[in-house]
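The structure appears below as structure tokens.
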Amino acid sequence: METVGVLMTKPFSAYLEEELDKRFKLFRFWESSNRKEFLKENSHLIRAVVGNATAGCDAEMIGLLPKLEIVSNFSVGLDKVDLVKCKERGIRVTNTPDVLTDDVADLALALILAVLRRICACDRYVTSGSWINGNFKLTTKFSGKSVGILGLGRIGSAIAKRANAFGCPISYYSRSEKSNTDYKYYPSAVELAANCEILVIACALTEETHHIVNREVIDALGPQGIIINIGRGSHIDEPELVSALVEGRLAGAGLDVFENEPQVPEQLFGLDNVVLLSHVGSDTVETCKEMADLVIANLEAHFLNKPLLTPAV
Amino acid sequence: MAEDAEVRQHLHQVVMLRPFPYFPSHKERFSKQFQPLNVFESSEPAHLFLSTHAQSARVLLCAGFTPVTSDMLRCLPSLQCIITTSAGVEHIDLGECRRRGIAVANAGNAFSVDVADYAVGLLLDVLRRISAADSYVRRGLWPVQGDFRLGHKLGGKRVGIVGLGSIGSEIAKRLEAFGCSISYNSRRKKPSVSFPYYSNVYDLAADSDVLILSCALTEETFHMVNKDVLSALGKEGIIINVGRGALIDEKELVRCLVQGEIGGAGLDVFEKEPDVPKELFALDNVILSPHRAVLTPESFDALQELVIGNLEAFFSNKPLLSPVKDE
Numbered sequence: 001m002e003t004v005g006v007l008m009t010k011p012f013s014a015y016l017e018e019e020l021d022k023r024f025k026l027f028r029f030w031e032s033s034n035r036k037e038f039l040k041e042n043s044h045l046i047r048a049v050v051g052n053a054t055a056g057c058d059a060e061m062i063g064l065l066p067k068l069e070i071v072s073n074f075s076v077g078l079d080k081v082d083l084v085k086c087k088e089r090g091i092r093v094t095n096t097p098d099v100l101t102d103d104v105a106d107l108a109l110a111l112i113l114a115v116l117r118r119i120c121a122c123d124r125y126v127t128s129g130s131w132i133n134g135n136f137k138l139t140t141k142f143s144g145k146s147v148g149i150l151g152l153g154r155i156g157s158a159i160a161k162r163a164n165a166f167g168c169p170i171s172y173y174s175r176s177e178k179s180n181t182d183y184k185y186y187p188s189a190v191e192l193a194a195n196c197e198i199l200v201i202a203c204a205l206t207e208e209t210h211h212i213v214n215r216e217v218i219d220a221l222g223p224q225g226i227i228i229n230i231g232r233g234s235h236i237d238e239p240e241l242v243s244a245l246v247e248g249r250l251a252g253a254g255l256d257v258f259e260n261e262p263q264v265p266e267q268l269f270g271l272d273n274v275v276l277l278s279h280v281g282s283d284t285v286e287t288c289k290e291m292a293d294l295v296i297a298n299l300e301a302h303f304l305n306k307p308l309l310t311p312a313v
Numbered sequence: 001m002a003e004d005a006e007v008r009q010h011l012h013q014v015v016m017l018r019p020f021p022y023f024p025s026h027k028e029r030f031s032k033q034f035q036p037l038n039v040f041e042s043s044e045p046a047h048l049f050l051s052t053h054a055q056s057a058r059v060l061l062c063a064g065f066t067p068v069t070s071d072m073l074r075c076l077p078s079l080q081c082i083i084t085t086s087a088g089v090e091h092i093d094l095g096e097c098r099r100r101g102i103a104v105a106n107a108g109n110a111f112s113v114d115v116a117d118y119a120v121g122l123l124l125d126v127l128r129r130i131s132a133a134d135s136y137v138r139r140g141l142w143p144v145q146g147d148f149r150l151g152h153k154l155g156g157k158r159v160g161i162v163g164l165g166s167i168g169s170e171i172a173k174r175l176e177a178f179g180c181s182i183s184y185n186s187r188r189k190k191p192s193v194s195f196p197y198y199s200n201v202y203d204l205a206a207d208s209d210v211l212i213l214s215c216a217l218t219e220e221t222f223h224m225v226n227k228d229v230l231s232a233l234g235k236e237g238i239i240i241n242v243g244r245g246a247l248i249d250e251k252e253l254v255r256c257l258v259q260g261e262i263g264g265a266g267l268d269v270f271e272k273e274p275d276v277p278k279e280l281f282a283l284d285n286v287i288l289s290p291h292r293a294v295l296t297p298e299s300f301d302a303l304q305e306l307v308i309g310n311l312e313a314f315f316s317n318k319p320l321l322s323p324v325k326d327e
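Residue numbers (UniProt numbering), protein chains in the order written: chain A, 1 to 313; chain B, 1 to 327.
Pasting the structure below:
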């Protein structure tokens with residue numbers, strides 16, 4: 001397989017890069033000064049693309065790679081891969097579900113606690129030397145607060161399981177009601193928001209869910225409400241979110257994703273009721289290795305004509 | 001005016017060492033039944049005030065940071081009950097109370113859930129680098145320096161809880177949902193608990209990835225997390241303290257953290273609050289908190305309810321709601 005050309009879109013995992021290099025002919029997309037030229041020059045060799053949550057494989061790239069057979073993405077979300085085009089061309093697509101479910105769910109809870117209990121603000125309070133001058137203000141209890149989950153898939157269910165242990169009543173909105181759960185179903189994002197205190201976004205990004213959290217949903221959630229986003233930045237109408245937070249129409253937000261990563265709206269930087277992360281959802285040593293291993297396993301399976309492990313297309 | 005004096009005479013006296021900021025609903029209920037003897041308002045030294053005004057007072061209300069010493073107790077010959085608004089009771093001379101038959105009530109379970117939530121929050125912050133990443137983003141470094149360093153997975157971690165009381169149990173319940181395996185050390189093994197029991201902290205630390213302190217501070221537990229225990233916890237080990245600062249040999253802890261001999265820490269309490277060892281400020285694997293684990297409006301409300309409930313119980317000769325058991 002050393003002659004099989006694999007294009008890696010960004011240096012998102014040193015371990016994966018190393019392993020790809022060992023097995024395939026690795027093309028490092030980020031090292032090229034002219035992207036189009038780079039693809040054209042190597043298009044006769046590239047048969048696979050390895051992308052991630054932010055740098056996937058779009059129609060333009062697919063168009064420039066006539067030998068492309070498979071996109072093996074280092075993410076579970078595939079909104080940055082043109083799935084329609086892949087289907088048209090018969091290109092296989094794999095992602096990394098399950099191995100990252102726990103970490104992403106953990107992160108959702110970490111954000112809830114960090115926002116409600118002001119953990120980051122407390123740490124800043126101490127390290128700035130302010131404690132000497134007086135106590136930090138009261139923060140807000142988490143246990144028992146109602147949690148509304150947008151999307152009750154693998155990650156959404158894992159979040160529900162954790163929030164349950166904190167005594168939180170759980171409700172959800174999904175494309176369709178789930179028969180195997182006791183959680184309360186609401187038929188729309190607005191109704192879910194109107195009936196919970198903490199809204200967690202855990203669904204896939206599609207045309208339908210683009211800006212699913214808009215002004216109407218934010219208003220329904222209300223000034224005591226918190227939004228947690230571990231999905232995709234474009235799930236939320238970001239300017240609406242920012243003005244709601246700045247104007248105090250929302251009690252807080254925990255955001256791991258943004259519409260234009262790595263750009264983060266600067267108006268949020270001064271707010272204590274907001275926690276901002278750099279898309280670290282599954283960024284643990286343990287999980288990144290598992291994801292990388294899965295990417296490799298899918299590629300090897302494909303080039304050995306064996307069944308793909310986690311095919312999406 | 002005479003009526004007021006009469007009404008006041010029917011109010012039960014409560015010695016108050018500190019002001020207690022009630023929410024309005026509780027304040028009304030308190031003022032209807034109790035007459036506070038506000039030691040803190042007087043310009044006289046406490047002992048003088050008590051000797052003059054509190055000779056027939058049967059109840060004392062204090063906070064966690066106001067010591068109730070045997071000297072002070074000697075000025076209160078009629079004292080039968082002490083109610084503290086803290087969970088901890090190490091600031092009260094329990095020996096003297098035992099000798100005199102003075103009952104002690106604390107915050108009971110009013111705080112347990114909030115402390116447990118906070119302990120989990122601190123642990124997640126340390127492992128997943130939440131505060132560090134948040135700071136990274138706020139300083140505008142994400143577009144410039146790229147992705148932040150990886151954190152560590154919580155699932156599958158072996159968590160050792162020191163003190164499996166109401167707070168420790170709530171912590172255990174939560175962390176199990178994250179896929180952690182739980183073990184504990186306590187004064188005595190609990191027969192109704194299925195988690196593996198360790199009879200000493202050292203052995204618990206040796207078999208744990210995370211050590212969480214949620215026990216009382218007593219003579220036995222003072223500096224129980226010492227150099228040996230930290231060494232047993234090891235380079236990847238994390239320590240979370242929501243108990244009392246003095247449960248840990250703080251100097252030793254600072255040394256271990258600065259030299260990378262343990263993996264990280266989440267600390268809500270310190271030996272000399274509000275002084276926090278400055279060497280910890282720059283470490284991004286250490287999360288520092290100004291003793292806030294308990295204070296949410298909800299637990300504050302529960303606490304006030306409990307304090308008044310204890311006072312009412314005492315004065316109607318009923319059992320206290322949250323007595324500290326003498327063990």
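Virtual Cβ for every residue (Gly too), placed ideally from N, Cα, C.
Short CB-CB distance (under 8 angstroms) between residue i and chain B
i, result
"W30 of chain A", "no"
"I119 of chain A", "yes"
"L245 of chain A", "no"
"K161 of chain A", "yes"
"Y125 of chain A", "yes"
"V285 of chain A", "yes"
"D106 of chain A", "yes"
"C288 of chain A", "yes"
Element boundaries [beta strand (DSSP E), containing residue i]
i, result
"G252 of chain A", "G252 to L255"
"N229 of chain A", "I226 to N229"
"Q145 of chain B", "From DSSP, Q145 of chain B is part of no beta strand (DSSP E) but of the alpha helix (DSSP H) over W142 to Q145."
"C62 of chain B", "V59 to C62"
Segment limits, alpha helix (DSSP H) that includes residue i
i, result
"H211 of chain A", "No alpha helix (DSSP H) contains H211 of chain A, which DSSP labels as neither H nor E."
"G95 of chain B", "L94 to R100"
"residue 314 of chain A", "Only positions 1 to 313 of chain A appear in this structure, which leaves residue 314 of chain A out of reach."
"H53 of chain B", "A46 to H53"
"F30 of chain B", "P24 to Q33"
"G121 of chain B", "S112 to R128"
"N164 of chain A", "R154 to A165"
"residue 393 of chain A", "Because chain A here runs from 1 to 313, residue 393 of chain A falls outside it and cannot be looked at."
"R292 of chain B", "From DSSP, R292 of chain B is part of no alpha helix (DSSP H); its letter is neither H nor E."
For residue i: DSSP bridge partner residues
i, result
"R92 of chain A", "A:I70"
"K272 of chain B", "B:D275"
"V137 of chain B", "V137 of chain B pairs with nothing; no bridge assigned."
"A110 of chain A", "None, per the DSSP bridge assignment."
Listed by chain order, chain A residues near residue i by CB distance under 7 angstroms
i, result
"P274 of chain B", "W131 and I132"
"A133 of chain B", "L277, S278 and V280"
Neighbour flag for residue i against chain A, beta carbons, 8 angstroms
i, result
"V225 of chain B", "no"
"T296 of chain B", "yes"
"L110 of chain B", "Looking at the sequence itself, residue 110 of chain B is Ala, so the reference to Leu does not match. For A110 of chain B, the answer is no, since every Cβ of chain A falls outside 8 angstroms of its Cβ."
"R174 of chain B", "yes"
"I262 of chain B", "no"
"L288 of chain B", "yes"
"Y118 of chain B", "yes"
"V162 of chain B", "no"
"S299 of chain B", "yes"
"F148 of chain B", "yes"
"D249 of chain B", "no"
"F49 of chain B", "no"
"F281 of chain B", "yes"
Contact set between residue i and chain B, taken where Cβ atoms lie within less than 9 angstroms
i, result
"F269 of chain A", "V137, R138, R139 and G140"
"E238 of chain A", "Per Cβ cutoff of 9 angstroms: no residues; E238 of chain A is ~15 angstroms from chain B at best."
"N135 of chain A", "P274, P290, H291, R292 and L295"
Partners in chain B for residue i, counting only beta-carbon separations shorter than 8 angstroms
i, result
"Q110 of chain A", "The sequence shown places Ala at residue 110 of chain A, not Gln. In chain order: G121, L124, D125, R128 and I130."
"A53 of chain A", "Chain B residues near A53 of chain A: none, gap ~11 angstroms exceeds 8 angstroms."
Residue i: contacting residues in chain B (beta-carbon distance under 7 angstroms)
i, result
"P262 of chain A", "W142 and P143"
"D103 of chain A", "K153"
"F166 of chain A", "D117 and R174"
"A114 of chain A", "G121, D125 and I130"
Chain-ordered residues of the segment 137 to 151 of chain A with a beta carbon less than 9 angstroms from chain B: Within the segment 137 to 151 of chain A, the residues whose Cβ lies closer than 9 angstroms to some Cβ of chain B are K137, L138, T139, T140, K141, F142, S143 and G144, listed in chain order.
According to a CB-to-CB cut-off of less than 8 angstroms, which residues of the segment 176 to 187 of chain B neighbour chain A? Legend: CB atoms of the segment 176 to 187 of chain B lying less than 8 angstroms from CB atoms of chain A belong to residues E176, A177, F178 and G179.
If the cut-off is 8 angstroms on Cβ atoms, which residues from the segment 188 to 207 of chain B count as contacting chain A, listed in chain order? None of the residues of the segment 188 to 207 of chain B has a beta carbon lying less than 8 angstroms from any beta carbon of chain A.
Taking only beta carbons into account, state which residues of the segment 1 to 13 of chain A come closer than 8 angstroms to chain B, listed in chain order. Listed by position along the chain: F12.
Could you run through the segment 89 to 114 of chain B and flag, in chain order, every residue whose CB is less than 8 angstroms away from some CB of chain A? Along the segment 89 to 114 of chain B, the positions whose C-beta sits under 8 angstroms from a C-beta of chain A are V113 and D114, read in chain order.
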